[in-house]
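Below is one structure, written out as structure tokens; the observations come after it.
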Amino acid sequence: MRATSAAAAVTPPAGPSASLTANIGAGLLSSVVMLCYALSYAALIFSGALAPHLHSGVLVALVSCVVVAPVIALCSSIKFSIGGPDGNSAAILAGMAAGIAADMALSAGAGHDLLATLLAALALSSVATGVLLYLLGASKGSALIQFLPFPVIGGYLAGTGYLLLSGAFRVLTGHGLHWSSLGVLLELQWLAWLPAVVVCAALLIGARKLKRFTLVVPVGIGAGLLVFFAGMRLSGMTLDQAHHLGLLFERVTVSSLQLPLTLPSEQIDWRLIVSHLPEFLAVAAVSALTILLNSAGAGLACRLDPNLNQEMRAAGLANVLSGLAGGMIGYQALSRTMLNRRAGATGRSSGIAAAAGCLVVVIVFPGLIGWMPKSVLVGLQLYIGIGLLEEWLVKSYRKLGRAEYLLIPLIVVVIAAYGVVSGIALGIVAACVLFVVKYGRISVIRNQFDGRSRSSNVERSIDDTALLREHGGLVVGASLHGFLFFATANSILRHLRARLETADAPRYVVLDFRHIHGLDASTSNSFLKLRQICDGAGVRLVLTALCADARKLLTRAGLFSETVMEFDSLDAGLEWVEDRLLARFRPAEAARQSGLAAALRAHFSDDALARLQAQLEPRLLAAGELLFARDDAGDAVYLIEQGRVTVSLPMPDRRALRLRSFGAGTIVGEMALYTQNPRSADVRADVPTLVQRLSLQALHRMEAEDGDTAQQFHRFVVNVLASRLTVANEAVRAAY
């Protein structure tokens, strides 16, 4: 992980491509580092009770390098990408290997061979991981991995750091990392631990101090080799003695490599392998996540845009071939890719050269492996493990909230105690619970309103508008948004229950679902409780703009009844509520005299009203008939005596957008009359409607001959506009 920050400053070398010589040189340098990492991971997996089989583990790791590297080089969307075994997957494989060894020890082998079983498990895990990775890439599902909660990713990476430290301890001492076994460190010979400390310290300091990250790993490993061999010389120890003490890797030969297909089936404990299948899935998920992180990190550092699905397919093919050849899991490695890039690589030949370098060592110079001290590679493991723990247990504290951060050490503790599968599973469950708790605190109420601040698009008479404003407190409403589940639905229930228990309790509750993206079945219970509360308080529940799925869900739950109304839009629901309020609170006399005459009588004297009516021209409209059209001349104003008309705006797709409806006692068309501009919208009758037309000529004649009536008419129009403005201002205020 320390390579990630160091790689951020990478700039591509000048020129469109490097020469073949530069690519081969960079690839050979990368092969040296690949070998060190491969030996380190082999020692990590084949440690403790498996240490006698380390030579087989080395071959497994080297096969992975030889097979994975060229496939990644040829198939990756990053041409200079280097592939091979990785610490994240190796840490999980080490736990799986230790578990297999422990299980076979308990069953006394049952006639099966430990090494054959372990080699088969490693090969099968590689094939299974390869198949899953390829399917993930082929189905373009790489983005699904990104839905893992960030604290879970951090906990897994920190847990991987712990597993690397635990594995390093097991390589040094042959014991698992426990409080009771820490004393074994004091019994170690200094050549077994001092080079590891030197390598780890050199890498930690070099990553911070050296400007050229290319030198960090070679310098660190070189410092460890120098300390080890200088110590051997000072102590007079020979190579044979170092091999006998287990300080050096054993010499390996290709002839000892066992292919999975050639392993005797009777020596393999297949039932034991099946019992560890959950770890196969865990290592596959970890591999997919690491590939995404590594590929994205390399793309960011090198200003490239990697195709993540292509990276998945490349890693999938590489792992299938690696498993069939007897290798372990491997994929794109960020640190080695960046080292390759800094060394001058720009093409696919660098990755092929890296694989060729490993192959030459295995076939031509296998004795070189026998010169590699285990403690040097333990230092490499310590460096990677400490880097992961520092990144995710220390630095992440500043990036995350307290609750999210606490998940990380919790996951690490569970991984340490029960394994990676349990740690990741617990992390996902805990992250989901945390998400529910936090999201449940976020209000899904987009805005609140009542009958005074929000009205329908139906124009009412001045008296009716004033009446609705007076009793608007009997209506409470809320526009909802987001996704509804049990936590957010309960927050709505708590809010409305508190409102219904106040002294000025409403009589209508309006909930608008227009901005709800979806809801799950758990919300049904909350809305059923809300209906029960409303029924008990004599309150009508009005639901508007329910999508088809939400309506179907609430219908199956049995929500709808005589006391629950449902409308296609908030406007329609508010219109229904307003009609109910007017029917309840409009005075009996006004109800009997409702219409144009009743609406005008409060604003005109009797004589003026009679003279005005003499100037009006009645016009009867059938349902759907056009009163006037957009762009018509503004030559008259219309007073609605009976029925209703709707103002609509013609749309390019031949639909009409409803702007406002006008009922009995209202006027329409006055703006065009006063401004003398063309009509701005269509006006059409919704039902059989009777209107009274006051032409512009009649208004001018009234102004010239009957100033008092004209003055009262203009005052009436001003009052109408003022009433509309008040309603509009309240709506704007409610929105904010």
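If you read the sequence shown in this note's numbering, its first letter stands for residue 522, the second for the next number, and so on. All residues carry an ideal CB built from backbone N, CA and C; glycine is no exception. The structure presented is a predicted model; accordingly, all values stated were derived computationally and were not measured.
Close beta carbons around residue i, own chain, < 7 Å, minus the five adjacent residues each side
{"i": "Asp1156", "result": "Ser1216 and Leu1217"}
{"i": "Leu898", "result": "Cys557, Leu560, Ser561 and Ala564"}
{"i": "Gly688", "result": "Leu565, Ser568, Ala612, Ala615 and Gln902"}
{"i": "Ser977", "result": "Asp1092, Leu1095, Glu1096 and Glu1099"}
{"i": "Gly578", "result": "Ala563, Ile566 and Phe567"}
{"i": "His1002", "result": "Val965, Arg967, His1036 and Ile1037"}
Whole-angstrom distance between residue j and residue i, CA atom to CA atom
{"i": "Ile1161", "j": "Ile983", "result": "13 Å"}
{"i": "Ala679", "j": "Ile545", "result": "35 Å"}
{"i": "Leu988", "j": "Phe1106", "result": "8 Å"}
{"i": "Leu813", "j": "Gly1059", "result": "57 Å"}
{"i": "Leu656", "j": "Cys823", "result": "27 Å"}
{"i": "Ala524", "j": "Leu855", "result": "Confidence at Ala524 is low in this model, with a pLDDT of 39, below 50, so its placement is unreliable and no value can be given for it."}
{"i": "Ala1019", "j": "Arg1072", "result": "26 Å"}
{"i": "Leu1032", "j": "Asp1092", "result": "12 Å"}
{"i": "Arg975", "j": "Val1239", "result": "22 Å"}
{"i": "Ala564", "j": "Leu575", "result": "7 Å"}
{"i": "Pro1199", "j": "Val1189", "result": "14 Å"}
{"i": "Val1098", "j": "Phe1007", "result": "28 Å"}
{"i": "Gly891", "j": "Ala572", "result": "15 Å"}
{"i": "His991", "j": "Gly972", "result": "The sequence as given places Glu at residue 991; His does not occur at that position. Going from the Cα of Glu991 to the Cα of Gly972 covers about 9 Å."}
{"i": "Leu766", "j": "Val692", "result": "13 Å"}
{"i": "Ser1082", "j": "Gln1053", "result": "11 Å"}
{"i": "Gly848", "j": "Gly658", "result": "22 Å"}
{"i": "Thr1247", "j": "Leu1064", "result": "26 Å"}
{"i": "Glu912", "j": "Asp761", "result": "40 Å"}
{"i": "Ser1261", "j": "Phe886", "result": "Absent from the model: residue 1261. The displayed extent of the chain is 522 to 1257, so no value can be given."}
{"i": "Gly868", "j": "Arg862", "result": "9 Å"}
{"i": "Leu1075", "j": "Thr1210", "result": "38 Å"}
{"i": "Ala756", "j": "Ile726", "result": "Looking at the sequence shown, residue 756 is not Ala but Ser. In a straight line, the C-alpha of Ser756 is about 28 Å away from that of Ile726."}
{"i": "Thr1044", "j": "Ser1090", "result": "21 Å"}
{"i": "Val881", "j": "Leu931", "result": "45 Å"}
6 Å CB neighbourhood of residue i in its chain, flanking five on each side removed
{"i": "Gln1233", "result": "Phe1125 and Ala1129"}
{"i": "Phe690", "result": "Leu698"}
{"i": "Gly906", "result": "Gly682, Leu685 and Leu686"}
{"i": "Cys586", "result": "Met555, Ala559, Gly605 and Cys879"}
{"i": "Ala805", "result": "Thr650 and Leu653"}
{"i": "Ser1244", "result": "Ile983 and Thr986"}
{"i": "Glu771", "result": "His576"}
{"i": "Ala1120", "result": "Ser982 and Gly1186"}
{"i": "Tyr926", "result": "Tyr918"}
{"i": "Ala673", "result": "Looking at the sequence shown, residue 673 is not Ala but Val. The answer, listed in chain order, is Gly948, Ile949 and Ala952."}
{"i": "Lys600", "result": "Gly868 and Arg869"}
{"i": "Asp1153", "result": "Arg1200"}
{"i": "Ala543", "result": "Gly865"}
{"i": "Ile936", "result": "Gly680 and Gly944"}
Check: residue i C-beta below 8 Å from any heavy atom of the ligand COA
{"i": "Pro739", "result": "Summarising the ligand content, the structure contains no ligands, and the ligand COA is consequently not present."}
Cβ neighbours of residue i in the same chain (closer than 8 Å, five flanking residues each side left out)
{"i": "Val648", "result": "Asn840, Val841, Gly844 and Leu845"}
{"i": "Leu1049", "result": "Ala1078, Gly1079 and Leu1080"}
{"i": "Gly994", "result": "Asp971, Gly972, Arg973, Asp1025 and Pro1027"}
{"i": "Asp1203", "result": "Leu1147, Phe1149, Ala1150, Arg1151, Val1168, Ser1169, Leu1170, Pro1171 and Ala1177"}
{"i": "Ser748", "result": "Contrary to the premise, residue 748 reads as Val rather than Ser in this sequence. Once the five neighbours on either side are set aside, the close Cβ partners of Val748 are Leu715, Pro716 and Val719."}
Residue(s) in a DSSP beta bridge with residue i
{"i": "Gly998", "result": "Phe970 and Val1031"}
{"i": "Pro1139", "result": "Gln1213"}
{"i": "Phe1004", "result": "Gly1039"}
{"i": "Gly851", "result": "DSSP lists no partner for Gly851."}
{"i": "Glu787", "result": "Bridge partners of Glu787: none, in fact."}
{"i": "Glu980", "result": "Phe1183"}
{"i": "Arg1205", "result": "Leu1147 and Thr1167"}
Check your understanding: In chain order, which continuous runs of the beta strand (DSSP E) of length 3 or greater are located wholly inside the stretch 853-895?
Key -> none
**Study point:** At least three beta-carbon pairs within less than 8 Å, the stretch 637-656 to the stretch 964-978
**Key:** no
Exercise for review: Assess, as a yes-or-no matter, whether the stretch 587-599 is touched by the stretch 834-848 under the definition of 3 or more beta carbon pairs within less than 8 Å.
Suggested key: yes
**Study point:** alpha helix (DSSP H) segments (min. 4 residues) lying fully within the stretch 642-719
**Key:** 671-694
Practice item. Report yes or no: do three or more beta-carbon pairs, one from the stretch 707-722 and one from the stretch 945-952, lie closer than 8 Å? Key: no
Practice item. Pair every Cβ in the stretch 1132-1142 with every Cβ in the stretch 1179-1196, then say whether three or more of these pairs are closer than 8 Å. Key: no
Review point. Enumerated in chain order, which unbroken segments of the beta strand (DSSP E) with a length of 3 residues or greater are wholly contained in the stretch 1080-1133?
Key: 1085-1088
Check your understanding: What runs of the beta strand (DSSP E), each 3 residues or longer, lie entirely inside the stretch 1162-1189?
Key -> 1166-1171 and 1177-1183
Exercise for review: Enumerate, from N- to C-terminal direction, the unbroken alpha helix (DSSP H) stretches of 4 or more residues contained entirely within the stretch 908-954.
Suggested key: 923-939
Review point. Do the stretch 825-832 and the stretch 785-794 make contact, defined as three or more Cβ pairs closer than 8 Å?
Key: no
Point to revise | beta strand (DSSP E) runs wholly inside the stretch 1046-1071, at least 3 long, in chain order | key: 1061-1065
Exercise for review: Starting from the N-terminal side, write out each stretch of the alpha helix (DSSP H) that is 4 residues or longer and does not extend beyond the stretch 568-639.
Suggested key: 575-596 and 608-627
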